[in-house]
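With our numbering, the residue at position 304 of the sequence shown is 315, and numbering never jumps. Glycine included, every Cβ here is placed at the ideal spot set by N, Cα and C.
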Amino acid sequence: MSFLSLLRDIYKIFSPPQRRKLYKIQLLIFMGAVFEITGVVSVMPFMQAVGDPEALRDTISNIGYLDFMTVYSARELIIFLGLTSLLIMSVSAICSIYLTYRLAIFSASIGVNFADRLFENYMGSSWSFHAHRNSADMTKHIAVESQRFADLVMLPIMMMNSKIVLVSIFLVAFVIQDPYIAIVAGLLFLFVYVILYIVVKRQLAENGQTISETYSKRFRILSEGLTGIRDLIVLRRLEGYSRAFNKHGIMLSRAKGLNVALAQGPRYLIELLAFGSMTGIVLYLYMENDGNIGGLLAIMTAYALAGLKVLPSVQQIYVAFAHVRGNSESFYIIRDDLVLDNEGRSDIRQAIVKKSYPLPETNVVIDVRNLTFSYEDNNIAIKDMSFVVNSGEMVGFVGSSGSGKSTLMDLVCGLLEATSGTIGFGKKSNGSDLNMAVVHQDIFLTDGTIRDNVALGVVIENICDDLVLRALESSHLADVVNLMDHGLDTELGERGVKLSGGQRQRIAIARAIYSKPDIIVFDEATSALDGVSERQVMNTINSLAGESTILIVAHRLESVKKCDKIFLLEHGVIKDCGTFLALQLRHPEFFGSTK
Ligand SMILES: Nc1ncnc2c1ncn2[C@@H]1O[C@H](COP(=O)(O)OP(=O)(O)OP(=O)(O)O)[C@@H](O)[C@H]1O
Ligand SMILES: [Mg+2]
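Okay, here's the thing in structure tokens:
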């Protein structure tokens, strides 16, 4: 991957405002370099005056428009020149400080912006996208790679950019002053740095890759270890995780350290080279002028000052190259995710709901027609399915494991997009879309209060406590919450560890009810519960009947007994449909005997 193509790829990713900022900074960089060189050049007349004051007065009187200055004494002129040079140098220093600040802010803002864009893209992606991605990797991209890109790719590129402009301007000045010295010294430095870069280039890139890989491994170990801690404690398998984490940590620190050493280390060699060439230039000038160095004071000072500015800049350019080379991996890792095409995927549910149509004359709320869906690997999970659900109905979906029940519910909820066929939704009498909520078997609870969990994702100021309490009432949790010391403010602990399985399930139901859904989907919402809790939750669900349309997926047939109709699924098709009693008669092998 060449350096130029990296620059082009980064530029392509920038948003228009970022590009505009970049142009402004580029202008600032150019102005900064001009100030720096003016500062150095301004020293020359000053030093010349100190060396030979009368010659200065002659020069001035020769320049027509400056002869008014001959009224000043040589002493006054020297003071004037000294102060002017100091002033220009001060402006140049302030300019450099401001530029460093702007560059750092720009790079940091790019890092934050990339992290924001990644998070937004991930949050806007479909459920099938998330089903195929590792969440620890996505966390790493947002938390580490964007930061790494900002600190070790973007900032070095900007620094390098400013230093290249500075060095080029100085180089032009050197060539004008003395082409021979400029070209020899320039080529010498270029040669040394290019050789150095070629030698370390591969190692830097390899280390860069190691850094990304080991970060990735560490994030996965971290997330697996901390999420699966309960099983791991019982299985006594904690040590393996710590050991693996540590092993990748050692590899990570070695790769990071080596990259810094490869970038910073050669400095000492270069300083030696710089000192050698300065000595060389002095000796060369000394011999050229037959030992008469007095008149050369000005030019020597200019060279020394220029060396003071140029040499560290050359070193910084090299360091920046090394950092970019060693970390460009971070850019390519996040690039595709930065430009995720979320069009049409961003809110699939919205897209599907758009297919909804008003059905005033009938009572239909869900109209599934010839629905077919296959996962990426071409296994057809739902085949040419058609059915309708009427308003206020309670509908059961049963079938053996793998028959496609969850897939069907994910399609209805808009988590998956149908391969072919349509799902139509009715509308409310006022013409607005129907609300939907889903309660899964493995529910998600945040490390927050009961209120936060019931009103998940609602901004705190907009949470209506009355609604939360009513939802808890409907999910038969109000009594439990009333007994808690802090009521709605009770903290549930990470993933709701402070609640029983049945209570967690009912929090999820309260969350569904809070959004006042027209349709509620329960996908195996009770299958993890014991008999008593299940009965309580089923009572909760049954009490919602009539208010909302309810779809229940269940393993236990008890759960669908009260349904108005039940669909029996097999291998992705509806094998039969009817009331519990009718199905029981027709499929005793599945629904058990009527006796
Ligand atoms: N993310 C996925 N990627 C690929 N195939 C999948 C995915 N999820 C489910 N499947 C496949 O789709 C088919 C239907 O799965 P689904 O989860 O809908 O079954 P189910 O009826 O809900 O089963 P269960 O009762 O065990 O929950 C299965 O053969 C399964 O292997
Ligand atoms: Mg399922």
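| task | For my contact list, residue 160 and residue 345 are in at a C-beta cut-off of 8 Å; report their separation, rounded to the angstrom. | result | Residue mapping note: residue 160 aligns to position 149 of the sequence shown, counting from 1. Residue mapping note: residue 345 aligns to position 334 of the sequence shown, counting from 1. About 7 Å; that satisfies the 8 Å criterion.
| request: Verify whether the separation of the beta carbon atoms of residue 421 and residue 138 is less than 8 Å. | output: In the sequence shown, counting from the first residue as 1, residue 421 sits at position 410. In the sequence shown, counting from the first residue as 1, residue 138 sits at position 127. Against a cut-off of 8 Å, the Cβ pair of residue 138 and residue 421 comes out as a contact.
| With DSSP run on the structure shown, which of helix, strand or coil describes residue 568? | Taking the sequence shown and counting its residues from 1, one reaches residue 568 at position 557. Three-state DSSP puts residue 568 in a helix.
| query | Is the number of C-beta pairs between the region 523 to 530 and the region 542 to 559 that are closer than 8 Å three or more? | reply | yes
| field | Where the alpha helix (DSSP H) through residue 380 begins and ends | value | On the sequence shown, position 369 is the one that residue 380 refers to. That residue, residue 380, is in no alpha helix (DSSP H); its beta strand (DSSP E) goes 375 to 385.
| query | For ligand 1, is there a heavy atom less than 7 Å away from the beta-carbon of residue 388? | reply | Position 377 of the sequence shown holds residue 388. Under cutoff, so the answer is yes.
| task | Pull every residue with its beta-carbon under 5 Å away from any heavy atom of ligand 1, and keep them in chain order. | result | 142, 386, 392, 412, 413, 414, 415, 416, 417 and 418
| Cβ-Cβ distance between residue 95 and residue 157 below 8 Å | For this step, residue 95 is matched to residue 84 along the sequence shown. For this step, residue 157 is matched to residue 146 along the sequence shown. In this structure, residue 157 does not lie closer than 8 Å to residue 95 by Cβ.
| query | DSSP puts residue 578 in a beta bridge; with which residues? | reply | As a first step, residue 578 must be located in the sequence shown, where it is residue number 567. Bridge partners of residue 578: 408 and 588.
| For residue 535, is the beta carbon positioned less than 7 Å from some heavy atom of ligand 2? | In the sequence shown, residue 535 corresponds to position 524, counting from 1. At least one heavy atom of ligand 2 is nearer than 7 Å to the Cβ of residue 535, so yes.
| task | Verify whether the separation of the beta carbon atoms of residue 384 and residue 429 is less than 8 Å. | result | By 1-based counting over the sequence shown, the position of residue 384 is 373. By 1-based counting over the sequence shown, the position of residue 429 is 418. The answer is yes: Cβ separation under 8 Å.
| query | Can you check whether the CB of residue 166 is closer than 8 Å to the CB of residue 222? | reply | Against the sequence shown, residue 222 aligns to sequence position 211. Against the sequence shown, residue 166 aligns to sequence position 155. Not a contact, by the Cβ cut-off of 8 Å.
| Short Cβ contact (8 Å threshold) for residue 517 with residue 551 | Residue mapping note: residue 517 aligns to position 506 of the sequence shown, counting from 1. Residue mapping note: residue 551 aligns to position 540 of the sequence shown, counting from 1. Contact flag set, yes.
| Residues bridged to residue 563 (per DSSP) | On the sequence shown, position 552 is the one that residue 563 refers to. DSSP, once it has assigned bridges, lists 407 and 533 as partnering residue 563.
| field | Ranges of the alpha helix (DSSP H) found wholly within the region 395 to 445, counting only runs of at least 4 | value | 416 to 424
| said: Less than 7 Å separating the Cβ of residue 331 from some heavy atom of ligand 3? | reply: Within the structure as shown, ligand 3 is missing, the only ligands being ligand 1 and ligand 2.
| task | Go ahead and pull the three-state DSSP assignment for residue 1. | result | Residue 1 lies beyond the residue range present for the chain, which begins at 12 and ends at 606; the question has no answer from this structure.
| task | Within the region 179 to 241, note down every full alpha helix (DSSP H) run reaching 4 residues or more, in order along the chain. | result | Listed in chain order, the complete alpha helix (DSSP H) runs (minimum 4 residues) inside the region 179 to 241 are 190 to 238.
| said: Quick check: the Cα distance between residue 29 and residue 154, rounded to an integer number of angstroms? | reply: Taking the first residue of the sequence shown as position 1, residue 29 is located at position 18. Taking the first residue of the sequence shown as position 1, residue 154 is located at position 143. Roughly 21 Å between the two C-alpha positions.
| message | Here's the rule I'm using: 16 or more other beta-carbon atoms within 10 Å means buried, otherwise exposed. How should residue 280 be labelled? | response | Taking the first residue of the sequence shown as 1, we reach residue 280 at position 269. Exposed, by the Cβ-count rule.
| query | Does the region 567 to 577 come close enough to the region 405 to 423 to have 3 or more Cβ pairs within less than 8 Å? | reply | yes
| query | For residue 360, which three-state DSSP category applies? | reply | Start at 1 with the first residue of the sequence shown, and residue 360 comes out as number 349. Unreliable positioning characterises residue 360 in this predicted model, as indicated by a pLDDT of 47, which lies under 50. The coordinate reading is nonetheless provided below. It is helical.
| message | Beta-carbon within less than 6 Å of residue 207's beta-carbon, same chain only, minus the 5 sequence neighbours each way: which residues are those? | response | Translated into positions along the sequence shown, residue 207 becomes position 196. Closer than 6 Å at the Cβ level, and outside the excluded window around residue 207, lie 277.
| message | Below 8 Å, how does it come out for the region 58 to 70 and the region 119 to 135: are there three or more Cβ pairs, yes or no? | response | no
| residue 58 - containing alpha helix (DSSP H), residue span | In the sequence shown, the residue the question calls residue 58 occupies position 47. Counting along the chain, the alpha helix (DSSP H) containing residue 58 begins and ends at 27 to 62.
| request: Return helix, strand or coil for residue 466, following the three-state DSSP convention. | output: On the sequence shown, position 455 is the one that residue 466 refers to. In the structure shown, residue 466 sits in coil (DSSP, three-state: anything other than H, G, I, E or B).
| field | residue 350: first and last residue of the uninterrupted beta strand (DSSP E) it sits in | value | For this step, residue 350 is matched to residue 339 along the sequence shown. Here residue 350 belongs to no beta strand (DSSP E), and DSSP marks it neither H nor E.
| Strand pairing of residue 450, partner residues [DSSP] | On the sequence shown, residue 450 is found 439 positions in, with the first residue counted as 1. Beta-bridge pairing links residue 450 to 533.
| query | Using a Cβ-Cβ cut-off of 7 Å (strictly less than) and excluding sequence neighbours within five positions of residue 326, which residues of its own chain qualify? | reply | Here residue 326 is taken as the residue at index 315 of the sequence shown, counted from 1. Answer for residue 326: 278 and 281, listed in chain order.
| field | From 168, 127, 140 and 438, residue whose alpha carbon lies closest to that of residue 152 | value | Translated into the one-based positions of the sequence shown, residue 152 becomes position 141. Measuring from the Cα of residue 152, the nearest candidate turns out to be 127.
| Based on the DSSP output, what are the partners of residue 460 in its beta bridges? | Along the sequence shown, one-based indexing puts residue 460 at 449. DSSP lists 502 as partners of residue 460.
| On the three-state DSSP scale, how would you describe residue 105? | Along the sequence shown, one-based indexing puts residue 105 at 94. Looking at residue 105 - three-state DSSP - the assignment turns out to be helix.
| task | Tell me whether residue 431 is buried or exposed, calling it buried when 16 or more other Cβ atoms sit within 10 Å of its Cβ. | result | Stepping through the sequence shown from its first residue, residue 431 is reached at position 420. Exposed, since its Cβ has fewer than 16 Cβ neighbours within 10 Å.
| message | By alpha-carbon positions, which one of 484, 164, 519 and 82 ends up nearest to residue 328? | response | Here residue 328 is taken as the residue at index 317 of the sequence shown, counted from 1. Nearest of 484, 164, 519 and 82 to residue 328, Cα basis: 164.
| said: Can you list, in chain order, the residues of its chain with a C-beta nearer than 6 Å to that of residue 122? Leave out the 5 residues immediately preceding and following it. | reply: Here the question's residue 122 lines up with position 111 in the sequence shown. Within the same chain, residue 122 has close Cβ partners 157, 158 and 161.
| Name the DSSP beta bridge partners of residue 393, please? | As a working mapping, residue 393 is identified with position 382 in the sequence shown. Bridge partners of residue 393: 384.
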